[in-house]
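Below: the structure, in structure tokens.
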Amino acid sequence: DSGDSISELQEWRPVIYRQCTDPLWLLLFCLFWAGLMFISGYAVVAGAAERLVLGYDSFGNICGRKNTPVEGANLSGLDMTNKKYVFFLNSCSLEIQSFKISSLSLCVSSCPQEQLNSLEDLQSFARNNGSFLCVYNLNVSSYTLNPKVAQLCPTLPVPPSKSFPLFNRCVPQNPECYSKYASVLISMVNEMDVFHRILSGILAGRDTVIGLSVLALAFSLILVLAFRFIHTLLIHTLIALVVFGLLFNSGVLWWLHYDYRNDPSTELETEKENVKFLLGYAIFSTIVTVVVLSLIVVLRKRLPFAVQLFRIVGKIIGRIPFLLFQPLWTFLILIVFWVFWVAVLLSLGTAGTAQSTSGGQVEYRALSGTCYMAWYHFVGLIWTSEFILACQQMVIAGAVVTCYFNRNKNNPPPHPVLSSISVLFCYHLGTAVKGSFLITILRIPRIVLLYLYNILNQKKNAKCLFSCGFCWVCCQESCLRYFNQHAYTTTAINGTNFCTSAKDAVCILTKNSGKLASISCFGDFLLFLGKVFVVCFTVFGGLMAFNYHRELQAWVVPLLLVGFFAYLMSHSFLSVFEVTADAMFLCFAIDMETNDGTAEKPYFVDQELLTFVSQSNKLTEGQNYRSPRPFQDNEDGTELQPMV
1 DSGDSISELQ EWRPVIYRQC TDPLWLLLFC LFWAGLMFIS GYAVVAGAAE
51 RLVLGYDSFG NICGRKNTPV EGANLSGLDM TNKKYVFFLN SCSLEIQSFK
101 ISSLSLCVSS CPQEQLNSLE DLQSFARNNG SFLCVYNLNV SSYTLNPKVA
151 QLCPTLPVPP SKSFPLFNRC VPQNPECYSK YASVLISMVN EMDVFHRILS
201 GILAGRDTVI GLSVLALAFS LILVLAFRFI HTLLIHTLIA LVVFGLLFNS
251 GVLWWLHYDY RNDPSTELET EKENVKFLLG YAIFSTIVTV VVLSLIVVLR
301 KRLPFAVQLF RIVGKIIGRI PFLLFQPLWT FLILIVFWVF WVAVLLSLGT
351 AGTAQSTSGG QVEYRALSGT CYMAWYHFVG LIWTSEFILA CQQMVIAGAV
401 VTCYFNRNKN NPPPHPVLSS ISVLFCYHLG TAVKGSFLIT ILRIPRIVLL
451 YLYNILNQKK NAKCLFSCGF CWVCCQESCL RYFNQHAYTT TAINGTNFCT
501 SAKDAVCILT KNSGKLASIS CFGDFLLFLG KVFVVCFTVF GGLMAFNYHR
551 ELQAWVVPLL LVGFFAYLMS HSFLSVFEVT ADAMFLCFAI DMETNDGTAE
601 KPYFVDQELL TFVSQSNKLT EGQNYRSPRP FQDNEDGTEL QPMV
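Taking the UniProt record's numbering, the leading residue of the sequence shown gets 1, the next gets one more, and so forth.
Below, the structure is given as structure tokens:
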């Protein structure tokens, strides 16, 4: 049958002597990164990220440094070393014209911390603090004499303001003025770019976002330790907490929506937007609650199998304790790469030439080709991030394979994680590159569809069409990720290239899908509950924090980001158990396919795992698996020797 042909074509034995797999893909990735390095160098040379970070005035002067003059702009090229803050002359009634703020902006040495009601107050503030709030060429003594003072000085009264710690902007502290100020800035970024909208949301509640992100990290670490030493009482406690958290979160969301909707002070567009998002959050949370409760009811009788499964997985991780640290290293590497990527993006986004306007002000025109570089840079973000994640999966799979195909279970190979890392970097980086590229190919259309969906949000037929396409691409990506993981495990076993490994993995999984699907669903369901637990309680903390600080008018985006970060964090840490279980079951299927438990072909599997699989699939009733004979430390057989 097909199983015999598979066995004949593929010996399914771990190889000791390997060769490089998919080297052309590794070369392609190196060439791609050479392009990224060129863009990075160009962005550093042609860009001016400090213009965005430090801020600049309407005359092309970057605050906090010396400047070079711009032809045609008389007030450019000034020394702003002691003037580090950006001040808008009309901060309480900003207007947007052609995606730009119409108000003049100046570099000042300090922001006015008290309200200034008259021109005399402006003079006193300038003389006492050395901070001039009128246009640079207007002398302090002329504040009350110049007939054009209304265009050259800030609109009175000037509200008290405070310098923004990160971007050195003078942000008005008057509640009403701050609301209008934030509303205009957010409405501007609504029309410009989703990235800027997310950035504005983060900056508005940065302290809360950081605190909640740390909380999500703590919850994820607690869950990792809990799953490592799991037992039945812990499972029931986790389920009870998840149910409580979902019900409580849904109730709080509906209550907040009702409270905000009936609040007479809800007048700004950003506040009305909060109400809409709260309704969406409440509906989504309710749907998730109903689905999770239904799954718990349906799978409640199989929870003991899930406990036993995680005991077996925990036993494997106990033999390789450094597996628990893999998500941490991966996360740190991703953070370093993302910081580098954002720095290059900011520099690339500010790459432009300064040109003076008829009014003596300065505008920056983007350089040609910058848009294509930004897209190339964006593809680099997805591909490199997926490559880093693929390397983590291959390291975990390789370590599990090393321990599984080892006869003496009481004496595991030394340093299996280091051995797996060395094998990956010496032989299989090309395979990780190819697998991550396939994911990238599906990620890009999904993002494009999401972008088109936002553009055509007024056309119902188009929205429905793009929603269906988006869901289809997401399903394709999920399936590809599943098969990629098994292809990586097969590469760790046989040392074959990506396509051969994927074909062999699909064949072995197809034959054993009925036996393994019901088992893996136990662990997947528990891991899903763990992720729901982290997201649920992190979002609950966010709801309480943001509702307490209602002066943060636009907090729906930070809350959404907190929930996404909590899911990403929990998924990164709990993926150790998921990848370990998947690799273990694939090794088990291969073991059952190529061995029969006799003296000539003994099983590699230990008794506990074989008993678990037999019980979960009712193998004792008519299945052909034979009971393995006791393992001896001196048995002969093909083993995967660690590379030291």
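Ideal placement from N, C-alpha and C gives every residue a C-beta, glycine not left out.
For clarity, every value in this text was computed on a predicted model and none was experimentally measured.
(message) With three or more C-beta pairs closer than 8 Å as the rule, is the stretch 352 to 369 touching the stretch 52 to 59?
(response) yes
(message) Quick check on this structure: which residue in Leu145, Ser570 and Phe588 has the alpha carbon closest to the alpha carbon of Ser220?
(response) To locate residue 220, count along the sequence shown from 1; it is residue 220. Closest option to Ser220, Cα to Cα, is Ser570.
(message) Closest to Met37 by C-alpha separation, out of Ile317, Phe337 and Ala150, would be which residue?
(response) As a working note, residue 37 is residue 37 in the sequence shown. The shortest C-alpha separation from Met37 is found at Phe337.
(request) For Asp79, name the three-state secondary structure that DSSP assigns. (result) Position 79 of the sequence shown, counted from the start, is the residue given in the question as residue 79. Three-state DSSP puts Asp79 in a strand.
(request) Please state whether DSSP places Thr289 in a helix, a strand or coil. (result) Residue mapping note: residue 289 aligns to position 289 of the sequence shown, counting from 1. Reduced to three states, the DSSP call for Thr289 is helix.
(request) Measure the Cβ-Cβ separation of Ser163 and Cys170 and say whether it is below 9 Å. (result) Here residue 163 is taken as the residue at index 163 of the sequence shown, counted from 1. Here residue 170 is taken as the residue at index 170 of the sequence shown, counted from 1. Yes.
(message) Considering only the alpha carbon of each residue, which of Glu71, Leu465, Asp591 and Ile210 lies closest to Asn512?
(response) Position 512 of the sequence shown, counting from 1, holds the residue named residue 512. Nearest option by C-alpha distance: Asp591.
(message) Let's test the definition: count the other Cβ atoms within 10 Å of the Cβ of Trp383 and tell me whether it reaches 16, buried, or not, exposed.
(response) Position 383 of the sequence shown holds residue 383. With 16 or more Cβ atoms within 10 Å of its Cβ, Trp383 is classed as buried.
(message) Rounding to the nearest angstrom, what Cα-Cα distance links Val292 and Ala240 in this structure?
(response) Reading the sequence shown from its first residue, position 292 is the one you call residue 292. Reading the sequence shown from its first residue, position 240 is the one you call residue 240. Those two C-alpha atoms are separated by around 12 Å.
(message) Between the alpha carbons of Phe195 and Ser40, how many angstroms are there, rounded?
(response) Position 195 of the sequence shown, counting from 1, holds the residue named residue 195. Position 40 of the sequence shown, counting from 1, holds the residue named residue 40. Per-residue confidence for Phe195 stands at a pLDDT of 45, beneath the threshold of 50, marking its modelled position as unreliable; the derived number appears in the next sentence. So the alpha carbons of these two residues sit roughly 20 Å apart.
(message) Let me make sure I understand the geometry here. Which of Leu303, Leu278 and Met373 has the alpha-carbon closest to that of Tyr42?
(response) As a working note, residue 42 is residue 42 in the sequence shown. The option with the nearest alpha carbon to Tyr42 is Met373.
(request) Please say whether Ala566 and Gln485 have beta carbons closer to each other than 9 Å? (result) On the sequence shown, position 485 is the one that residue 485 refers to. On the sequence shown, position 566 is the one that residue 566 refers to. Taking 9 Å as the Cβ cut-off, Gln485 and Ala566 do not qualify as a contacting pair.
(message) Between the alpha carbons of Lys148 and Leu116, how many angstroms are there, rounded?
(response) Taking the sequence shown and counting its residues from 1, the one referred to as residue 148 is at position 148. Taking the sequence shown and counting its residues from 1, the one referred to as residue 116 is at position 116. Taking the straight line from one Cα to the other gives about 19 Å.
(message) What does DSSP give as the partner residue(s) for Gly352 in the beta ladder?
(response) Start at 1 with the first residue of the sequence shown, and residue 352 comes out as number 352. Partner(s): Ala366.
(message) Could you check whether Gly563 and Val535 sit closer than 9 Å to each other, using their CB atoms as the reference points?
(response) For the purposes of this step, residue 535 is taken as residue 535 along the sequence shown, with counting starting at 1. For the purposes of this step, residue 563 is taken as residue 563 along the sequence shown, with counting starting at 1. Yes. Within cutoff.
(message) Let's see if you can read the secondary structure: which residues bound the alpha helix (DSSP H) around Leu106?
(response) As a first step, residue 106 is located in the sequence shown; it is residue number 106 there, counting from the start. Careful: Leu106 lies outside any alpha helix (DSSP H), inside the beta strand (DSSP E) at Ser105 to Val108.
(request) Return the Cβ separation of Gly341 and Leu381 in integer angstroms, given the expectation that the two are a contact with Cβ distance under 8 Å. (result) By one-based count along the sequence shown, residue 341 stands at place 341. By one-based count along the sequence shown, residue 381 stands at place 381. The sequence shown places Trp at residue 341, not Gly. Yes, they are in contact, since the Cβ atoms of Trp341 and Leu381 sit about 5 Å apart, within 8 Å.
(request) Would you tell me roughly how many angstroms separate the C-alpha atoms of Val243 and Ser285, rounded to the nearest one? (result) For the purposes of this step, residue 243 is taken as the residue at position 243 of the sequence shown. For the purposes of this step, residue 285 is taken as the residue at position 285 of the sequence shown. Rounded to the nearest angstrom, the two C-alpha atoms are 12 Å apart.
(request) Buried or exposed for Met544, please, with buried defined as at least 16 other CB atoms from any protein chain shown within 10 angstroms of its CB. (result) The sequence position of residue 544 within the sequence shown is 544, counting from 1. Per the 10 Å Cβ criterion, exposed.
(message) For Leu27, tell me which candidate among Lys434, Thr440, Glu608 and Arg481 has the shortest Cα-Cα distance.
(response) Counting from one through the sequence shown, the residue named residue 27 turns up at place 27. Taking only the C-alpha atoms, the option nearest Leu27 is Lys434.
(request) Consult DSSP for Val70 and reduce its assignment to one of helix, strand or coil. (result) Along the sequence shown, one-based indexing puts residue 70 at 70. Residue state, collapsed to three classes: coil.
(request) Rounded to whole angstroms, what's the CA-CA distance from Ala216 to Leu568? Just pull it up for me. (result) One-based indexing of the sequence shown puts residue 216 at position 216. One-based indexing of the sequence shown puts residue 568 at position 568. Their Cα atoms are separated by approximately 9 Å.
(request) Give me whichever residues DSSP pairs with Cys170 in a beta bridge. (result) Here residue 170 refers to the residue found at position 170 when the sequence shown is read from its first residue. Looking at the DSSP assignment, Cys170 forms a beta bridge with Ser163.
(request) Over the uninterrupted alpha helix (DSSP H) stretch that includes Tyr42, give me the two end residues. (result) One-based indexing of the sequence shown puts residue 42 at position 42. Here the alpha helix (DSSP H) through Tyr42 covers Pro23 to Ala46.
(message) Considering only their Cβ atoms, is the gap separating Leu527 from Leu574 smaller than 9 Å?
(response) Translated into positions along the sequence shown, residue 574 becomes position 574. Translated into positions along the sequence shown, residue 527 becomes position 527. Yes. Within cutoff.
(request) Just grab the DSSP bridge partners of Leu529 for me. (result) Within the sequence shown, numbered from 1, the residue matching residue 529 stands at position 529. Per DSSP, none; premise fails for Leu529.
(message) Please state the DSSP three-state secondary structure of Tyr56.
(response) Here residue 56 is taken as the residue at index 56 of the sequence shown, counted from 1. It is a strand residue.
(request) Taking only runs that begin and end inside the stretch 357 to 417, name each unbroken alpha helix (DSSP H) of 4 or more residues, in chain order. (result) 370 to 404
(request) For Val313, count neighbouring Cβ atoms within 10 angstroms of its own Cβ and tell me buried if that reaches 16, exposed if not. (result) The residue labelled residue 313 in the question sits at position 313 within the sequence shown. Answer is buried; the Cβ neighbour count reaches 16.
(message) Between which two residues does the beta strand (DSSP E) holding Phe322 run?
(response) By one-based count along the sequence shown, residue 322 stands at place 322. Premise fails: Phe322 is in no beta strand (DSSP E) and is neither H nor E.
(message) Considering Cα atoms alone, identify which of Phe588, Arg319, Phe227 and Thr289 is closest to Gln607.
(response) The residue labelled residue 607 in the question sits at position 607 within the sequence shown. When only C-alpha atoms are compared, the closest one is Phe588.
(request) Could you check how far apart the C-beta atoms of Ala399 and Ile320 are, in whole angstroms? I think they sit under 8 Å. (result) Locating residue 399 in the sequence shown gives position 399, where the first residue counts as 1. Locating residue 320 in the sequence shown gives position 320, where the first residue counts as 1. So it is a contact: roughly 5 Å between Cβ atoms.
(request) Taking all protein chains shown into account, decide if Ile235 is buried (16 or more other Cβ within 10 angstroms of its Cβ) or exposed. (result) Within the sequence shown, the letter at position 235 stands for residue 235. Result: buried.
(message) Taking 9 Å as the threshold (C-beta atoms), are Phe248 and Asn406 in contact?
(response) As a position in the sequence shown, residue 406 is number 406, starting the count at 1. As a position in the sequence shown, residue 248 is number 248, starting the count at 1. Their beta carbons are not under 9 Å apart, which means Asn406 does not touch Phe248 by this criterion.
(message) Please determine whether the Cβ atom of Ile39 lies at a distance below 8 Å from any heavy atom of the ligand SAM.
(response) In terms of ligand content, the structure shown is empty, and the ligand SAM therefore cannot be addressed.
(request) List the endpoints of the continuous beta strand (DSSP E) containing Val86. (result) Position 86 of the sequence shown, counting from 1, holds the residue named residue 86. First-last of the beta strand (DSSP E) with Val86: Tyr85 to Phe88.
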